[in-house]
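*Asks:* Sharing a structure here in C-alpha cells format.
Residue numbers (my numbering): 265 to 488.
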C-alpha cells in the first residue's frame with residue numbers, strides 16, 4: 265500500500281472512531297464510565313500478570329541493548345550524530361515520558377493506595393509498603409523500559425530504514441508484509457487511540473491541578 269494512502273486511511277478511521285467515542289461520552293457519560301470501568305476491571309483481573317511480566321521484559325531488553333554492541337547503532341544513517349546534547353535529550357524525554365502524570369500521581373498514588381490499598385486494610389504499615397511498591401512500579405524504571413523499546417522501534421525503522429513513521433513499521437520483523445494490509449492499519453489505529461487516551465489523561469490531570477490551585481488561592485469554586 266502507498267505510504268500516503270496508508271497514512272490517510274489510518275487518519276480517517278481514527279478520526280471517525282474518536283468522534284464516535286466523544287459522541288458516546290457526551291450523550292451517555294454514565295454509560296461510558298460504566299462500560300469502560302468494567303472493561304478495565306476485566307483486563308486487570310485477566311491479564312494483570314501479563315502487564316507486569318511484559319513491563320519487566322521490556323526493561324530487561326532495554327538494558328541488554330544498552331550494554332551490548334547493538335547499543336552503538338545510531339538511530340539514523342551510519343555516521344550520523346545526535347542532534348541534541350545528552351542532557352538536553354534526557355530533559356526532553358523525561359518531560360515527555362513523565363510530564364504532568366508524575367507531578368500529579370507522585371503524591372496522589374502512594375497516598376491513595378495507603379488509604380485504600382488493592383489488598384488488605386488501609387492506613388497500616390503493610391499498606392504503606394504496598395503503596396510504595398505500586399508507585400515505584402508505575403513511576404520507576406519499568407515504564408522507561410516500555411518507552412525505550414517502543415520509541416526505539418519507531419525511530420529505528422523510520423530514520424534508519426526509511427519506512428513510514430507508523431507503529432506498524434516497527435512490527436515488520438514479526439508481521440512481514442501483513443503490515444501493509446488491514447492488519448497493519450488496525451495496529452496503527454490502535455496506536456493512535458492509545459496516544460489519544462494517554463494525552464487526554466495528561467491534560468485531565470493538568471486541568472484538575474489548575475482547578476484545585478485556583479480554588480485554593482482565590483476561593484474559586486472547584487467544579488472538576
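Where a beta carbon is used, it is the ideal one built from N, C-alpha and C, also for glycine. Keep in mind the model is a prediction, meaning the values are calculated, not measured.
When you compare only the Cα positions, how much space is there between residue 338 and residue 424?
*Replies:* In a straight line, the C-alpha of residue 338 is about 8 Å away from that of residue 424.
*Asks:* Short check: CB of residue 278 to CB of residue 414, under 7 Å?
*Replies:* Taking 7 Å as the Cβ cut-off, residue 278 and residue 414 do not qualify as a contacting pair.
*Asks:* Compute the Euclidean distance between the alpha carbons of residue 385 and residue 369, then round it to the nearest angstrom.
*Replies:* Approximately 21 Å, taken between the alpha carbons.
*Asks:* Residue 329 and residue 321: beta carbons closer than 7 Å?
*Replies:* Contact flag unset, no.
*Asks:* Please name the residue, chosen from 359, 433, 410, that lies closest to residue 420 on a Cα-to-Cα basis.
*Replies:* For the residues 359, 433, 410, the minimum Cα distance to residue 420 belongs to 433.
*Asks:* Taking the alpha-carbon positions, what's the residue 357 to residue 465 distance?
*Replies:* Distance between the alpha carbons of residue 357 and residue 465: 18 Å.
*Asks:* When you compare only the Cα positions, how much space is there between residue 375 and residue 474?
*Replies:* Straight-line Cα distance between these residues: approximately 20 Å.
*Asks:* Between the alpha carbons of residue 238 and residue 399, how many angstroms are there, rounded?
*Replies:* Any question about residue 238 goes unanswered here, given that the chain covers just 265 to 488.
*Asks:* How do the segment 302-322 and the segment 401-409 stand: do at least 3 beta-carbon pairs fall below 8 Å, yes or no?
*Replies:* Yes: at least three Cβ pairs fall under 8 Å.
*Asks:* Would the beta-carbon of residue 355 be found less than 6 Å away from any heavy atom of the ligand SAH?
*Replies:* Within the structure as shown, the ligand SAH is missing, as the structure has no ligands at all.
*Asks:* Grouping DSSP H, G and I as helix and E and B as strand, with all else coil, what is residue 292?
*Replies:* Residue state, collapsed to three classes: coil.
*Asks:* Quick one: is residue 377 buried, meaning 16 or more other Cβ sit within 10 Å of its Cβ, or exposed?
*Replies:* Buried, by the Cβ-count rule.
*Asks:* How do the segment 426-443 and the segment 344-357 stand: do at least 3 beta-carbon pairs fall below 8 Å, yes or no?
*Replies:* Because the criterion of three Cβ pairs below 8 Å is not met, the segment 426-443 and the segment 344-357 do not touch.
*Asks:* Does the separation of the CB atoms of residue 403 and residue 366 fall below 7 Å?
*Replies:* Cβ atoms of residue 403 and residue 366: closer than 7 Å.
*Asks:* Below 6 Å CB to CB, which residues in the same chain sit around residue 288 once its five sequence neighbours on both sides are set aside?
*Replies:* Same-chain partners within the cutoff: 296.
*Asks:* Taking only runs of the alpha helix (DSSP H) that begin and end inside the segment 360-423, which ones reach a length of at least 4 residues, in chain order?
*Replies:* With a minimum length of 4 residues, the continuous alpha helix (DSSP H) runs that stay inside the segment 360-423 are 363-379, 389-403, 405-419.
*Asks:* Note down the Cα distance separating residue 380 from residue 390, rounded to an integer number of angstroms.
*Replies:* Their backbone Cα atoms lie some 12 Å apart in a straight line.
*Asks:* Name the two residues that bound the continuous alpha helix (DSSP H) containing residue 469.
*Replies:* First-last of the alpha helix (DSSP H) with residue 469: 446-482.
*Asks:* Taking only three categories from DSSP, how would you classify residue 345?
*Replies:* Three-state DSSP puts residue 345 in coil, outside helix and strand.
*Asks:* Could you check how far apart the C-beta atoms of residue 364 and residue 477 are, in whole angstroms? I think they sit under 8 Å.
*Replies:* So it is not a contact: roughly 13 Å between Cβ atoms.
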